[in-house]
Structure formats: structure tokens, C-alpha cells
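Student: Residue numbers (UniProt numbering): 1 to 286.
Ideal Cβ placement from N, Cα and C applies to all residues, glycine included.
Here it is, the structure in full.
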């Protein structure tokens, strides 16, 4: 039994093995639910319509409301992943909904990025911002707190623009500060609320479900790659069928270049050149 011990709360990573959320499929005449689900996750018709309606048009408010309502379950799903981090679930859900609204308002279907791939980091960023704004227990100068919040906003913006995490140098340039100041702002993240290891945690029904100590060391390493996989799936869809097949055989099926060559009826040298060229294309895709 751990007594009178305090630790800084862990970085805000969701608990292991979350349920997988997907948009609810909307059935259409002549199409399967599976095909409809795929379209809704790539370019949801509601969001395409919303983006096409000019600002100030009477129909825009209704289209915006329907889009937000459609994706509310996604905001709730992401909020529940943080229910054991010492904050009321209602407050976390409210932050998630704010993130969803921002995602709906800022999403541009013309960029070709699936809405889920855009909305997930936006909502998670808003949830993390909620924790950062409400859990300062160690004394941190107000200037550093404000700088950290600005850093969080700029990091989210650049991640959306570049489709990858921005470098320290780029963050410093965008904020007009030195790289050392960026490092200081990042260190402020460690000044979160201190929680007792003996503090009880609750399940979805509000029932006590053990203590925080029960969660120590429980991680799902696959969670860190979820967003990257979503973006990669979109980029793979822009490759030719042959190049996409080579990537799948090499990294999903884990075949050697010789085995891939045998399957496709090509030489190993040709496969090597195609693989190298395709990987270079994937890195350069915006």
C-alpha cells in the first residue's frame, strides 16, 4: 500500500486498449454500409456542403449544427479516454466539444486530408489545453504559462499545416522567440497538479474502480502511431496500385524484396528501385 506519496501526473496519453470509434454509417440507396462509411471518413458530405456555403448565408448555421451533432460521439469517445486523470468528465467532454467545433469550422475538404485525421489532433489538443489551464499546482511565472499556451496553439497549427510535428527551430521562428525559450515553455508541462497514488479512480458508471496505482505502467504503444497511420493511409491512396501493393507486401506482410519480386514477376533490383522511389514520394507528399 502506497501512503502519502505524490507524483506528477503522467503525460496525457489515453489509457490502454480504447474502443475504436468510427463515424456512424449513413445508408444510401444502392450503396453498402461499408462503402458509405469509407466515404464519410474521407470527405463527409455534411462538411463538403458546409464548406461550400458562404459565410453569412442562412443555411450555413443549420449545416454547421448538423455536422457538429453528427460527430459529437467522437468528441465523447476521446473525452472518456481521459476520465481517470483527476478532472470531472463533464469538463473534459466540454473541452472535447470545443475542439470538435474548432475542427468543423477550420476543416477544408479541398486539402484532401480525412476529417477524422484533422479532428482527432484538434480535439485532443483542446483536451490537453484544458488540463494545462486547470492543473498548475507548482508555481510557474504567468509569462511562462502564457508562452506555453501559445506554444500549444502554434504546435497544433503547424502540425495541421505540415502533417508532421514541427521542429523546435520552426516553433521558435513562428513565435518570435529563441529555441531556448521554447525549451523553457515545454518544461512548464511538468508543473501539473500533483495527485496521490492512493486517490481512487472511477469507471464510466461512477463506481470506484481501484486506485491510480493500478494504472501505473499500463500503456498501449500502438496509440502513438494512430494519427500517423491515418495520414499514411491517405497518402497510400494516392499511389499507383502497383506501388501501393509493394509497400503493403514490404511493411504489412513483411516480405523480403526477393519474395515481392517473385510475387509480382519482377527482378529484385527493380523492386528495390521502385520501393526507394515510392518511399521518397511518401515523404514529400503534403
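Who are the near neighbours of residue 250 in its chain, counting only those whose CB is closer than 8 Å to its CB and skipping five residues on each side?
Tutor: Closer than 8 Å at the Cβ level, and outside the excluded window around residue 250, lie 257, 260, 275.
Student: Can you check which of these residues, 243, 74, 184, 49, is closest to residue 118 by C-alpha distance?
Tutor: Nearest option by C-alpha distance: 74.
Student: Which same chain residues end up closer than 6 Å to residue 56 when comparing Cβ atoms and leaving out the 5 residues on each side of it in sequence?
Tutor: None.
Student: Are the region 46–61 and the region 76–96 in contact at 8 Å, needing three or more beta carbon pairs?
Tutor: In short, these stretches do not touch, since the Cβ pair count stays below three.
Student: Is there a Cβ of chain C sitting closer than 8 Å to that of residue 117, yes or no?
Tutor: The structure shown contains no chain C; it holds only a single protein chain.
Student: Do you know how far the Cα of residue 154 is from the Cα of residue 174?
Tutor: Computed Cα separation, rounded: 8 Å.
Student: Does the region 121–132 come close enough to the region 96–103 that 3 or more CB-CB pairs lie under 8 Å?
Tutor: In short, these stretches touch, since the Cβ pair count reaches three.
Student: Measuring straight from C-alpha to C-alpha, what distance separates residue 278 and residue 79?
Tutor: Going by the C-alpha atoms only, they are around 37 Å apart.
Student: Taking 8 Å as the threshold (C-beta atoms), are residue 101 and residue 68 in contact?
Tutor: Cβ distance < 8 Å, so residue 68 and residue 101 count as in contact.
Student: Indicate the three-state DSSP secondary structure (helix, strand or coil) for residue 76 in the structure shown.
Tutor: Here residue 76 sits in helix by DSSP.
Student: Which two residues bound the contiguous alpha helix (DSSP H) that contains residue 253?
Tutor: No alpha helix (DSSP H) contains residue 253, which DSSP labels as neither H nor E.
Student: From the DSSP output, in three-state form, read off residue 285 for me.
Tutor: Coil, per DSSP.
Student: Where does residue 238 land, buried or exposed, given buried means 16+ other C-beta within 10 angstroms?
Tutor: Burial call: exposed.
Student: Within a Cβ cutoff of 8 Å, which residues of the same chain sit near residue 152, ignoring the five residues on either side of it in sequence?
Tutor: Contacts found: 125, 128, 129, 132.
Student: Who are the Cβ neighbours of residue 285 in its own chain at under 6 Å, not counting the five residues just before and after it?
Tutor: 235.
Student: What residue does the alpha helix (DSSP H) around residue 182 start on, and which one ends it?
Tutor: That run of the alpha helix (DSSP H) goes 179–187.
Student: Under three-state DSSP, which class holds residue 91?
Tutor: Of the three classes helix, strand and coil, the one that applies to residue 91 here is helix, per DSSP.
Student: Would you report the Cα separation of residue 72 and residue 120, rounded to the nearest angstrom?
Tutor: So the alpha carbons of these two residues sit roughly 12 Å apart.
Student: Taking all protein chains shown into account, do 16 or more other C-beta atoms lie within 10 angstroms of the C-beta of residue 162, making it buried, or fewer, making it exposed?
Tutor: Counting Cβ neighbours within 10 Å, residue 162 comes out exposed, since fewer than 16 surround it.
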